[in-house]
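K.L.:
For reference, the structure I am asking about is given below.
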Amino acid sequence: DAKTTQPTSMDCAEGRAANLPCNHSTISGNEYVYWYRQIHSQGPQYIIHGLKNNETNEMASLIITEDRKSSTLILPHATLRDTAVYYCIVRVAVGFQKLVFGTGTRLLVSP
Amino acid sequence: SQTIHQWPATLVQPVGSPLSLECTVEGTSNPNLYWYRQAAGRGLQLLFYSVGIGQISSEVPQNLSASRPQDRQFILSSKKLLLSDSGFYLCAWSVKGAHEQYFGPGTRLTVT
Numbered sequence: 081d082a083k084t085t086q087p088t089s090m091d092c093a094e095g096r097a098a099n100l101p102c103n104h105s106t107i108s109g110n111e112y113v114y115w116y117r118q119i120h121s122q123g124p125q126y127i128i129h130g131l132k133n134n135e136t137n138e139m140a141s142l143i144i145t146e147d148r149k150s151s152t153l154i155l156p157h158a159t160l161r162d163t164a165v166y167y168c169i170v171r172v173a174v175g176f177q178k179l180v181f182g183t184g185t186r187l188l189v190s191p
Numbered sequence: 007s008q009t010i011h012q013w014p015a016t017l018v019q020p021v022g023s024p025l026s027l028e029c030t031v032e033g034t035s036n037p038n039l040y041w042y043r044q045a046a047g048r049g050l051q052l053l054f055y056s057v058g059i060g061q062i063s064s065e066v067p068q069n070l071s072a073s074r075p076q077d078r079q080f081i082l083s084s085k086k087l088l089l090s091d092s093g094f095y096l097c098a099w100s101v102k103g104a105h106e107q108y109f110g111p112g113t114r115l116t117v118t
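Residue numbers (this note's numbering), protein chains in the order written: chain A, 81 to 191; chain B, 7 to 118.
Take a look at the structure:
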């Protein structure tokens, strides 16, 4: 599975958009980009995934660059409850889902 | 709807004692099941996964074992706990072929 690089931490004001970047320059053509988040002392929560097209759901938007070497998770209107560690994971979507979690980005949303 | 249960929520055990953590999933059948561990200040590490009853694969050699006696039940065990077994243990499940993986609330284990 491709390696990902994320900033260690980011800050965001409540109500503003939070844009979390992820670099995955060695991504292969059949690898998907997945985003999960982990709120303190809870299990991780699936957010969104994509292959090459931009994706949007009720939680967030995922923007993948045309060369697929990087992506950005966008929380359009961050709330205090979005404070969490956000993990970007790249893997092939076949077989069982072995997720390899890195250190992620710690997002702090402030009033 | 599907739900995943883990118990106990917290556990304090002495070194050398046995361990049994249980995870059950409701509202689905024939799921893939996973055990992860998160040591203090570190990322999640996959310990075991199962694609069916009695089918267990281990990702890392260690002091722990897993079993799947029923379709939606996954158990993590140890005969003798070590201090290094302390951590946050998470069970997860996924539908075969689907992208999403769903995590339980976790068990925080402290070995003293």
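Where is the CB? At the ideal position from N, CA and C, for every residue including glycine.
Name the two residues that bound the continuous beta strand (DSSP E) containing I128/A.
P.N.:
One-based indexing of the first sequence puts residue 128/A at position 48. Here the beta strand (DSSP E) through I128/A covers 125-130.
K.L.:
Can you tell me whether L115/B is helix, strand or coil according to DSSP?
P.N.:
Along the second sequence, one-based indexing puts residue 115/B at 109. Correct three-state label for L115/B: strand.
K.L.:
State the DSSP-derived secondary structure class of D91/A, mapped to helix, strand or coil.
P.N.:
Here the question's residue 91/A lines up with position 11 in the first sequence. D91/A falls in the strand class under three-state DSSP.
K.L.:
Please report the distance separating the alpha-carbon of S56/B from that of A104/B.
P.N.:
Within the second sequence, the letter at position 50 stands for residue 56/B. Within the second sequence, the letter at position 98 stands for residue 104/B. If you draw a straight line from the Cα of S56/B to the Cα of A104/B, it comes to about 15 Å.
K.L.:
Check whether the Cβ of L82/B sits closer than 7 Å to any heavy atom of the ligand PLP, and report yes or no.
P.N.:
For the structure depicted, the ligand PLP is absent and the ligand set is empty, with no information on it obtainable.
K.L.:
What do you get for S151/A, buried or exposed, if any count of 16 or more other CB atoms within 10 angstroms of its CB means buried?
P.N.:
Locating residue 151/A in the first sequence gives position 71, counting from the first residue. Buried.
K.L.:
Leaving aside the five residues before and after S141/A along the sequence, list all residues of the same chain whose C-beta is less than 6 Å from its C-beta, in chain order.
P.N.:
One-based indexing of the first sequence puts residue 141/A at position 61. If we look at S141/A and ignore the five residues flanking it on each side, its Cβ neighbours are I154.
K.L.:
Any contact between the stretch 48-68 of chain B and the stretch 22-30 of chain B? By contact I mean 3 or more CB pairs, one from each, below 8 Å.
P.N.:
no
K.L.:
State yes or no: is the C-beta of A98/A within less than 8 Å of the C-beta of L187/A?
P.N.:
For the purposes of this step, residue 98/A is identified with residue 18 of the first sequence, where counting begins at 1. For the purposes of this step, residue 187/A is identified with residue 107 of the first sequence, where counting begins at 1. Cβ distance < 8 Å, so A98/A and L187/A count as in contact.
K.L.:
The stretch 163-183 of chain A: which residues have C-beta closer than 7 Å to a C-beta of chain B, in chain order?
P.N.:
A173, F176, Q177, K178, L179, F181, G182, T183
K.L.:
Quick check on this structure: which residue in E32/B, S23/B, S90/B, V101/B has the alpha carbon closest to the alpha carbon of Q44/B?
P.N.:
For the purposes of this step, residue 44/B is taken as the residue at position 38 of the second sequence. Looking at the Cα atoms, S90/B is the closest of the given residues.
K.L.:
Residues of chain B with a CB under 9 Å from the CB of Q122/A: which are they?
P.N.:
Within the first sequence, the letter at position 42 stands for residue 122/A. Those are F109, P111, G112, listed as they occur along chain B.
K.L.:
Check each residue of the stretch 126-160 of chain A: if its Cβ is closer than 9 Å to any Cβ of chain B, include it; give the result in chain order.
P.N.:
For the stretch 126-160 of chain A, the set of positions with a beta-carbon nearer than 9 Å to some beta-carbon of chain B reads Y126, H129 in chain order.
K.L.:
Return the bridge partner residues of G93/B from the DSSP annotation.
P.N.:
In the second sequence, the residue the question calls residue 93/B occupies position 87. According to DSSP, G93/B bridges with L115/B.
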